[in-house]
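Here the protein sequences come in this chain order: A and B.
Each residue of the first sequence is one higher than the one before, starting from 186 at the first, in this note's numbering.
Each residue of the second sequence is one higher than the one before, starting from -9 at the first, in this note's numbering.
Report on the following structure.
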Amino acid sequence: MKKLLIFYFLYGSLFGAEYSIIISKKITLSEITSQQIRDLFLMKRHAIGNQKIIPLNLLGQDPSRITFENEILKMDRDRLNTYWVKQHFQGLTPPITQPSHESIKAFVQNVEGAIGYIPSSMVDSSVKVIYEF
Amino acid sequence: MQFRFLSLYLIVLTSPLYATPYEFGHGFNLHDSLTAGGYVSTEFESNQQADTFTIDDVAVMAYGNIGSNVSYLAELEAVGFYHKHLTNGNEGGSQKFHIERLYMDIWMSDTFNFRVGKQITPIGYWNLEPINVLRDTTSNPLYSSLLFPKFLTGIDMNGYLPQSSTTRYHLFGQATHDMDEEYINIPNTHFYGLSLEHELSMETSFGGSIGEFIALNSDEKTRFLQGNVKYDNGSLLLSAEAITAQTDYQHAKSDLTLSGYLQSVYHFSNEHAIVGRYEYYDDQHRDYKDHIGIFGYSYRPIYPVSIKGEYQWHSQENENRTLLSFSVLF
Chain A
186 MKKLLIFYFL
196 YGSLFGAEYS
206 IIISKKITLS
216 EITSQQIRDL
226 FLMKRHAIGN
236 QKIIPLNLLG
246 QDPSRITFEN
256 EILKMDRDRL
266 NTYWVKQHFQ
276 GLTPPITQPS
286 HESIKAFVQN
296 VEGAIGYIPS
306 SMVDSSVKVI
316 YEF
Chain B
-9 MQFRFLSLYL
1 IVLTSPLYAT
11 PYEFGHGFNL
21 HDSLTAGGYV
31 STEFESNQQA
41 DTFTIDDVAV
51 MAYGNIGSNV
61 SYLAELEAVG
71 FYHKHLTNGN
81 EGGSQKFHIE
91 RLYMDIWMSD
101 TFNFRVGKQI
111 TPIGYWNLEP
121 INVLRDTTSN
131 PLYSSLLFPK
141 FLTGIDMNGY
151 LPQSSTTRYH
161 LFGQATHDMD
171 EEYINIPNTH
181 FYGLSLEHEL
191 SMETSFGGSI
201 GEFIALNSDE
211 KTRFLQGNVK
221 YDNGSLLLSA
231 EAITAQTDYQ
241 HAKSDLTLSG
251 YLQSVYHFSN
261 EHAIVGRYEY
271 YDDQHRDYKD
281 HIGIFGYSYR
291 PIYPVSIKGE
301 YQWHSQENEN
311 RTLLSFSVLF
């Protein structure tokens, strides 16, 4: 696991690979902080200003999800699992998942307030970038 | 009603049509409006009087969203499900389920929400994670069960303070009898309070609460002031909570009760941890004071399965004991 993370870190550093947090172009929100993203994906918050937000996670162990969890949530998979087991007792479930970056992008385009992370290379004029990592 | 709930629960659990793959400890997510789960704990205690085995908690729960701004949670629990006195062979228990929690959350904004119904009182850390499987020790500190009502049947207005991203508040009140008083530690018809919790960093947080309640049985009013602080870097978890409570007794002068604990948990791997806790309890009205030291070990093959052992030293004679437990959240 550690080797995999080191590989992705080095790959990202050398080749400039990065990810973007995207939202529908219809939303007036133009930027967001990493703290706000973290709170939204941990279900501590449900809105930015008056805009209700629906966070989207990628299913499985994709490198983008691992990078997102380590860089934005700042939690490894074991700690996240502990967190969500505790939240299960409190009646909270994790963000909904999508099977691919394409489906995250399509979801964001069609559902007002949905946010998700995709490779920056996939960003086009159909969505708005509010954070990059 | 409880039979119907349990029947429905069994039907949904045995349904092959799970909405998402089951992950242990995360509940059966059948639909956005229904996630089902539960927990079980067993406990062995050896003290100077007897050895006992107890299936202590058997609970089922269901929760979900009703629309985009309303959610619910329902939990039924049987405490003391089975009990065997290993020294004299007596056994017993109660298989009757009672309403542990039943509430609705109404989300207005991140600064303004309502929780209505029977719920865990939002005070400190320990009280919010009261079940065996989520704790690092089998025992609870005296702080957590004797000095304020653990449950609230009423309204809790909560959220982040306006313009704050790190401070949460709870303003709560109860002005009626408790819903299903069976497992209520302090039955009451009057309970009000305010809690604040501030996150200094991802690792560190602190908070405090004030409140008052009138115990139903004695009609005595108690006011309390509570504080809590926690540091958690993933491998080391330090937490401390303390409370002072002043009770106006019917036939005696007002008196204070002081209590608190300091606990350290060191995880030397994901599965293994050692725990040390110091507790203090001083009830000046009853002239009862105890210092308690606890050393324990926790093994979690996976997080929702907990096997724990601990030994307690008490300054009061004949209170020392050994506790072992096995608990599961599903």
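The beta-carbon is built from N, C-alpha and C at its ideal position, and this holds for glycine as well.
- For the stretch 19 to 34 of chain B, the beta-carbon criterion of a distance under 9 angstroms to any beta-carbon of chain A is satisfied by N19, D22, T25, G27 and Y29.
- Annotated three-state conformation of K313 of chain A is strand, per DSSP.
- Short of 6 angstroms from the beta carbon of H160 of chain B, and not among the five residues preceding or following it, lie these beta carbons of its own chain, in chain order: P112, D146, N148 and S185.
- Between the beta-carbon of D170 of chain B and that of H88 of chain B there is about 5 angstroms, and that keeps the pair under the 8 angstroms contact cut.
- Contact check between the stretch 252 to 268 of chain A and the stretch 280 to 295 of chain A: fewer than three CB pairs, one atom from each, fall below 8 angstroms, which does not count as touching.
- Close CB contacts of Y182 of chain B within its chain, under the 8 angstroms cut and outside five residues either way in sequence, are with F162, G163, Q164, G201, E202 and F203 (chain order).
- Distances from the CA of Y301 of chain B to each of B:S317, B:H180, B:S288 and B:L118 were compared; the closest alpha carbon is that of B:S288.
- Taking the CA atoms as reference points, Q272 of chain A sits about 43 angstroms from K243 of chain B.
- Of all residues in the stretch 112 to 127 of chain B, those with a C-beta nearer than 7 angstroms to a C-beta of chain A are E119, I121 and L124, reading in chain order.
- Assigned with DSSP and collapsed to three states, T252 of chain A falls in helix.
- Excluding its 5 nearest sequence neighbours in each direction, H73 of chain B has C-beta neighbours in its own chain below 6 angstroms: T44, G82 and G83, listed in chain order.
- The shortest CA-to-CA distance from T267 of chain A to any of B:H180, B:S225 and B:F285 is the one to B:S225.
- Under the three-state reduction of DSSP output, S36 of chain B falls in the strand class.
- Only buried fits N19 of chain B, as 16 or more other CB atoms lie within 10 angstroms of its CB.
- Taking a C-beta cut-off of 8 angstroms against chain A, the contacting residues of the stretch 180 to 198 of chain B are M192, listed in chain order.
- Within the same chain, and ignoring the five residues on either side of E297 of chain A in sequence, the residues whose Cβ sits closer than 7 angstroms to its Cβ are S209, K211 and I212.
- I303 of chain A is positioned such that its CB atom lies closer than 8 angstroms to that of I207 of chain A.
- Straight-line measurement puts the Cα of N78 of chain B at about 52 angstroms from the Cα of N103 of chain B.
- Across the structure, S311 of chain A and F292 of chain A are spaced so that their CA atoms are roughly 12 angstroms apart.
- In the three-state reduction of the DSSP assignment, L124 of chain B falls in the helix class, which pools H, G and I.
- Taking the CA atoms as reference points, L314 of chain B sits about 17 angstroms from I282 of chain B.
- V308 of chain A and H231 of chain A have their C-alpha atoms some 24 angstroms from each other.
- Setting aside the 5 residues that flank it on each side, T157 of chain B is surrounded in the same chain by Y150, L151, L186, E187, H188 and E189, each with a C-beta closer than 8 angstroms to its C-beta; the list follows chain order.
- If you check the CB distance, D47 of chain B and V30 of chain B come in under 8 angstroms.
- Beta-bridge pairing by DSSP links S229 of chain B to B:K220 and B:Q253.
- Taking the beta carbon of Y293 of chain B as reference, the chain A residues within 7 angstroms of it are N266, T267 and V270, listed in sequence order.
- Residue contact with chain A for L132 of chain B: absent (no Cβ-Cβ distance below 8 angstroms to any residue of chain A).
- Here the C-alpha atom of Y293 of chain B lies approximately 31 angstroms from the C-alpha atom of A40 of chain B.
- Residue B:L132 holds the alpha-carbon nearest to the alpha-carbon of Y271 of chain B among B:V265, B:H16, B:Y173 and B:L132.
- CA-to-CA, the gap between T127 of chain B and H262 of chain B works out to about 13 angstroms.
- Within the stretch 144 to 170 of chain B, contact with chain A at the beta-carbon level (separation under 7 angstroms) is assigned to S155.
- Restricting attention to B:L206, B:K279, B:V265 and B:D277, the CA atom closest to the CA of G286 of chain B is found in B:V265.
- For a Cβ distance threshold of 8 angstroms, residue set S155 of chain B lies close to Q220 of chain A, ordered along the chain.
- At a Cβ-Cβ threshold of 8 angstroms, S305 of chain A and E216 of chain A do not count as neighbours.
- For H88 of chain B, the enclosing beta strand (DSSP E) stretches over residues H88 to S99.
- Straight through space, the alpha carbons of M192 of chain B and D222 of chain B are spaced by roughly 8 angstroms.
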